[in-house]
Structures are given as structure tokens and as C-alpha cells.
Amino acid sequence: MVVLQNTPTVHNVVVCTLCSCYPWPVLGLPPVWYKSAPYRSRVVIDPRSVLAEFGCELAPDVQIKVWDSNSELRYLVLPMQPEGTEGWSEDELAALVTRDAMIGTNVVPPPVTADGVKHE
Amino acid sequence: MNNVHDMGGMQGYGPIEIDDPSVVFHEKWERKAFALSVAINTAGLWNIDGSRAVRESLPPLQYLSNSYYQIWLDALQKQLISTGMVTQQELSTGKAQGPGLPGVKALGVEQLPAALMRGWPSARATDHGARFQIGQQVRTIEAHPKTHTRLPAYCRDKVGVITNVHGMHVFPDKSAIGPDDPQWLYTVEFTGCEIWGADTSASSISLNCWEPYLKAVELANDTN
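Protein sequence lines correspond, in order, to chains A and B. Residue numbering for the first sequence follows my numbering, starting at 16 and increasing by one per position. Residue numbering for the second sequence follows my numbering, starting at 14 and increasing by one per position.
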């Protein structure tokens with residue numbers, strides 16, 4: 016397993032263009048879209064448009080690195096820690112992280128406070 | 014094998030249909046097809062590369078119009094028949110016509126979860142040194158084998174840089190049709206431009222390449 020760390024300037028996203036390789040022991044079985052032709056064909060050439068379909072708009076200066084998971088080595092994306100979660104416990108952060116963020120098709124959104132206002 | 018499974022860079026497949034993340038199997042039969050495939054794989058009559066080779070060799074229209082578990086199921090049926098585990102008549106009727114192949118035994122339900130967690134380890138003992146090192150420029154080969162390969166069409170005859178060396182691993186191109194033939198495995202990073210020219214939003218694409226996929230780049234060739 017190779018962990019790919021996102022930074023303010025680099026966003027990683029994982030695909031298996033040839034079939035459906037995916038880190039089962041960590042993320043479970045892959046969603047249908049991960050195995051589908053639209054995702055496998057496009058994310059390797061135009062990842063920005065794919066992320067946009069997941070509601071993820073990255074700043075234009077963020078580099079997108081694509082990892083084609085074609086061997087038995089599996090990848091997991093380590094998403095950026097969202098603002099407003101400094102000092103949070105592992106359990107609190109685990110409740111916030113999403114499967115898609117660990118594939119790389121999205122980021123982890125900032126937490127929503129009790130009054131429904133996002134931390135910015 | 015050049016076929017429609019090798020779809021990296023194709024542009025006509027439309028928007029991504031994002032399914033409900035809380036649903037693992039969308040049809041009841043998919044759960045069974047998955048369990049059957051995983052369980053029968055443990056009988057040891059074929060390996061993961063052999064299974065992939067059969068899925069990839071399905072006719073293009075069948076591959077593209079099938080759901081993913083239907084691809085698995087169609088390929089599994091071909092493998093069951095080609096290895097003699099099941100006859101066409103048994104598949105058609107759903108009834109066993111005789112005893113199973115002697116000496117062939119798949120894992121039981123109790124043992125399967127642990128087997129699933131182990132996956133299919135591909136690392137093998139190292140018996141010679143690696144030809145390439147981290148930071149070195151390499152060019153992928155131009156090759157069109159009619160058999161299984163993990164070198165996608167979009168990434169053939171392209172120059173990249175070695176960014177990781179993973180030891181020796183089963184070589185799928187050979188393992189799908191015979192002995193493992195372990196080879197050194199590298200991660201190679203290609204710039205988006207090297208692969209797609211200006212028509213890309215990827216800054217780089219990283220691919221794992223077994224040593225037979227790679228050639229050294231002569232520096233003199235890069236000065237033009």
C-alpha cells in the first residue's frame with residue numbers, strides 16, 4: 016500500500032484504467048462508478064473535469080497527479096486536513112473523512128458547526 | 014491484448030454516474046457472482062492475471078454493455094468450462110452431471126474473509142539487481158501483445174522518470190499464460206504533456222512498470 020499525501024499544491028487521484036484495482040482491505044469494495052468506462056477513460060486525461068462532477072473545484076494552480084493502479088500495489092490518498100479541525104482527535108477526523116476523498120475524487124469539506132455554519 | 018478494457022484516454026463515454034455510496038451490491042445476483050468468483054479463484058486452477066486475461070478477451074460489445082459483475086460472471090463461466098470444472102450442459106441446467114474434478118477444493122465460507130484481506134500478494138524473492146534506479150529516465154516499449162499485459166496503450170513509447178522501486182513481483186504478462194517470471198517493478202511518472210500533449214488537466218500520470226516494459230533513455234537523444 017502506497018499512501019499519496021495531498022498538499023496545498025498537489026492533489027492525487029487514483030484510477031485503474033485496465034480493470035478495477037482498489038484497496039479492498041481498507042476501503043471495501045469499489046463503487047460502480049470507479050469500475051465504469053466514464054471514470055476509467057477520462058480521469059487519466061482530464062481529471063479536473065472528473066473532480067468537478069464530484070462537486071470538487073480545485074484552484075487552477077493545484078497540480079493534479081493521476082495514479083493508474085495497474086499492479087498489485089494499492090494506493091490510498093491522504094486528504095488535506097480541513098480548516099477548522101486543528102487539534103481534533105483521530106475519531107473525530109475519521110468521522111469526517113470520506114471514501115471519495117481517499118480515492119482522490121474529492122476533498123474533505125470543512126466541518127459544519129451546530130448552527131449549520133461552515134468553519135472557514 | 015488491445016481491446017476495449019484498455020480505455021484510458023477514450024473520450025466518448027459521457028458523464029460519470031455516481032452511485033449511492035451506501036449500496037455495495039445493486040442487485041442480489043451481484044453478491045452471489047462476487048462470492049462465487051472469489052471462492053472459485055481459491056481453488057488454484059488459475060491466478061488473478063489469468064482471470065483478468067479472460068475478462069479482457071470478452072467481445073467488445075459484451076464487455077461494454079455488461080455491468081462489472083456480469084463481466085466477472087461471464088469470464089468465470091468461460092474459465093469453468095475451459096478447465097473442465099463445469100460442462101456447458103451443467104451451466105445450462107444448473108445441475109451437476111457428475112462429481113467435481115478430483116483434488117480441486119475451494120476455500121469454505123469461514124476462510125474466505127481472511128483470504129480476501131490477504132489479497133493476492135505478488136512480491137517475490139529478489140534474485141538479481143535492478144536495472145534502473147530512482148531518478149533515471151526511461152522509455153516504455155511499443156508493444157501490442159495478443160496476450161495479457163498491464164502496459165496500457167496510452168502509455169507505450171513514452172518517456173518518464175523512475176520514482177519508486179518496489180522489488181521483484183510476479184510479471185502479469187507471463188503469469189497469465191504460464192510461470193510467474195518475477196521481474197523488478199518500478200513506479201514511473203510521466204508528465205501529462207508527454208502522454209497527451211496540451212489536451213490534459215493532469216500534471217502527471219504515474220504507472221507501475223515491470224522491467225520488460227522499460228528501455229534506458231540515451232541522453233544524447235534528448236538534446237534535439
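Glycine residues also receive a C-beta, built at the ideal position from the N, C-alpha and C atoms.
So what does residue i bridge to, in DSSP terms?
i	result
B/Tyr-199	B/Val-178, B/Cys-222
A/Trp-82	A/Val-29, B/Ser-219
B/Gly-173	B/Val-151
A/Gln-20	A/Leu-93
B/Thr-204	B/Ser-217
Would you verify that the beta carbon of residue i is, or is not, closer than 9 Å to some beta carbon of chain B?
i	result
A/Thr-22	no
A/Leu-93	no
A/Glu-135	Only weak support exists for where A/Glu-135 lies, its pLDDT of 48 falling under 50; the value from the coordinates is given anyway. False, the Cβ-Cβ gap to chain B never drops below 9 Å.
A/Val-30	yes
A/Lys-43	At residue 43 of chain A the sequence reads Gly, which differs from the Lys that was named. True, the Cβ-Cβ gap to chain B drops below 9 Å.
A/Val-112	no
A/Pro-40	yes
A/Gln-96	no
A/Glu-68	yes
A/Glu-87	yes
A/Ala-52	yes
A/Cys-34	yes
A/Pro-124	no
A/Val-18	no
Against chain A, with Cβ distances strictly below 9 Å, would residue i count as a contact?
i	result
B/Glu-30	yes
B/Ala-46	no
B/Thr-213	yes
B/Ser-42	Note that residue 42 of chain B is Trp in the sequence shown here, rather than Ser. B/Trp-42 does not count as touching chain A.
B/Leu-125	no
B/Gln-24	yes
B/Gly-27	yes
B/Val-183	yes
B/Cys-206	no
B/Glu-224	no
B/Thr-200	yes
B/Asn-177	yes
B/Ile-239	This structure does not reach residue 239 of chain B, given that chain B is present from 14 up to 237, and the question cannot be answered.
B/Trp-133	yes
Checking contacts by CB at 9 Å: is residue i closer than that to chain C?
i	result
A/Val-81	The displayed structure is made up of protein chains A and B, and chain C is not among them.
Once you ignore the five residues that flank residue i on each side, which residues in its own chain have a CB closer than 7 Å to its CB?
i	result
B/Leu-86	Ala-46
A/Val-122	Cys-71, Pro-94, Met-95, Ala-116
B/Ser-50	Trp-85, Leu-89
A/Leu-42	Arg-114, Met-117
Going by DSSP in three states, residue i sits in which element: helix, strand or coil?
i	result
B/Lys-108	coil
B/Ala-136	strand
B/Val-51	helix
A/Tyr-90	strand
B/Lys-228	strand
B/Leu-114	coil
B/Val-67	helix
B/Ser-35	coil
B/Phe-81	A quick correction: the sequence has Tyr, not Phe, at residue 81 of chain B. Here B/Tyr-81 sits in helix by DSSP.
A/Ala-67	helix
B/Gln-95	Strictly speaking, residue 95 of chain B in this sequence is Ser, with Gln absent from that position. Note: B/Ser-95 maps to helix in three-state DSSP.
A/Ile-60	coil
A/Cys-34	coil
B/Met-20	coil
A/Ser-104	coil
B/Ser-188	helix
A/Leu-44	coil
B/Ala-156	coil
B/Tyr-26	coil
B/Leu-164	coil
A/Pro-53	helix
A/Arg-114	helix
B/Glu-103	helix
Got a sec? Which residues, its chain only, sit under 6 Å from residue i by beta carbon, not counting five neighbours each side?
i	result
B/Lys-108	none
A/Glu-135	In this predicted model, A/Glu-135 has a pLDDT of only 48, less than 50, meaning its place in the structure is not dependable; the value taken from the coordinates is given anyway. Nothing meets the Cβ criterion.
B/Gly-22	Tyr-167
B/Val-67	Ala-88, Lys-91, Gln-92
What residues in its chain sit with their C-beta under 8 Å from that of residue i, if we drop five residues either side in the sequence?
i	result
A/Leu-88	Met-16, Val-17
A/Arg-63	Leu-73, Ile-79
- Query: Does the pairing of the stretch 219-234 of chain B with the stretch 192-201 of chain B give three or more beta-carbon distances under 8 Å?
  - Reply: yes
- Query: Any chance the stretch 26-33 of chain B sits against the stretch 85-101 of chain B, with 3 or more Cβ pairs inside 8 Å?
  - Reply: no
- Touching by the beta-carbon criterion (3+ pairs, under 8 Å), the stretch 26-34 of chain A and the stretch 72-85 of chain A: yes
- Item | Contact between the stretch 202-212 of chain B and the stretch 164-184 of chain B (3+ Cβ pairs under 8 Å) | yes
- Task: Could you tell me whether the stretch 45-53 of chain A touches the stretch 177-197 of chain B, using the rule of 3 or more Cβ pairs below 8 Å?
- Result: no
- Three or more C-beta pairs closer than 8 Å, one from the stretch 50-60 of chain B and one from the stretch 108-119 of chain B: is that the case here? yes
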